Amino acid sequence: MITVLRIGHRPQRDKRITTHVCLVARAFGADTVIVDRKDLTLQETIARVSDRWGGTFSVSFQPWRKVLSTWEGLIVHLTMYGLPLEEKISAIRTHRDILVVVGAEKVPREVYDMADSNISVTNQPHSEVAALALFLDRYFQGTQLNREFCGNLRITPSKKEKLINDVVNQQRKAKII
Ligand code: SAM
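If you read the sequence shown in this note's numbering, its first letter stands for residue 19, the second for the next number, and so on.
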């Protein structure tokens, strides 16, 4: 089970990027996201996605210090200051219950100390969304790309059209792009 902990979320400023953290977590194989500050709009947005597109993914809220101090599995903090992902991912993959921590602005020093591993996805500054996507891809070794979500809405891959099947309403919507 992979849980993502999103710390430093500011509902006004980080709305879009935290939504993307959640969407990437869901699409690429994580099970749940904990955000350190309550944001019901975010929770509803992701619940709507899961309702329509499938899976059991959810978003909940808890202060980060409490999550880190009570977590019983492995804690991996993604930071550009950490050790290279490609060197550490095999050892991380031996664990099943993992908390993956991603920040927003400056991450408190305590997080680095409480993590079992501080892991970098290159030592260049980029984004929590990209770092999380690459971490999940390396962890699952690409298998997450074929995961079935069994939702009401399903896309039929197409060369030129947007083909969406609505399983519940038995409708097939086709649109030329
Ligand atoms: N300057 C901030 C700091 O000192 O922690 C980082 C801000 S960055 C915009 C937001 C988040 O993206 C970080 O907390 C980290 O989780 C992730 N991130 C950015 N670059 C990364 C990298 N090269 N490797 C791993 N994670 C990265």
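Idealized CB from N, CA, C, for every residue including glycine. Everything numeric in this text was worked out from a predicted model, so none of it was measured.
- Counting C-beta atoms within 10 angstroms of its own C-beta, E146 has 16 or more neighbours from the protein chains shown and is therefore classed as buried.
- Residue burial annotation: H144 is exposed, with fewer than 16 other C-beta atoms found within 10 angstroms of its C-beta.
- The DSSP-derived three-state label of M19 is coil.
- At a cut-off of 7 angstroms, the beta-carbon of E123 counts as near the ligand SAM: some heavy atom of the ligand is closer than that.
- Around the C-beta of Y157, 16 or more other C-beta atoms lie within 10 Å, and the residue is accordingly described as buried.
- Within its own chain, the residues whose Cβ lies closer than 6 angstroms to the Cβ of L92, once the five positions on either side in sequence are excluded, are H113, I116, D134, listed in chain order.
- DSSP places I137 within a strand segment (E or B) once states are collapsed to three.
- Under DSSP, G72 shares a beta bridge with C168.
- Within a 10 Å sphere around the beta-carbon of I25 sit 16 or more other beta-carbons, which makes this residue buried.
- In this structure, the beta-carbon distance from G169 to R70 falls below 8 angstroms.
- Looking at the DSSP output, F79 sits in a beta bridge with V53.
- When rounded, the separation of the alpha-carbon atoms in F153 and N187 is 37 angstroms.
- By the criterion of a C-beta distance shorter than 7 angstroms, F46 is surrounded in its chain by A151, L154, D155, Q162, once the five residues flanking it on both sides are discounted.
- Of the candidates I110, D32, N141, N141 places its Cα closest to the Cα of Y99.
- Ranked by how close their Cα comes to the Cα of R28, the residues L101, G121, W89, I182 have G121 in first place.
- Ranked by Cα distance from R172, the options D184, N164, E179 are led by D184.
- Check the Cα spacing between S78 and each of T63, V51, R66, E90: the tightest is with V51.
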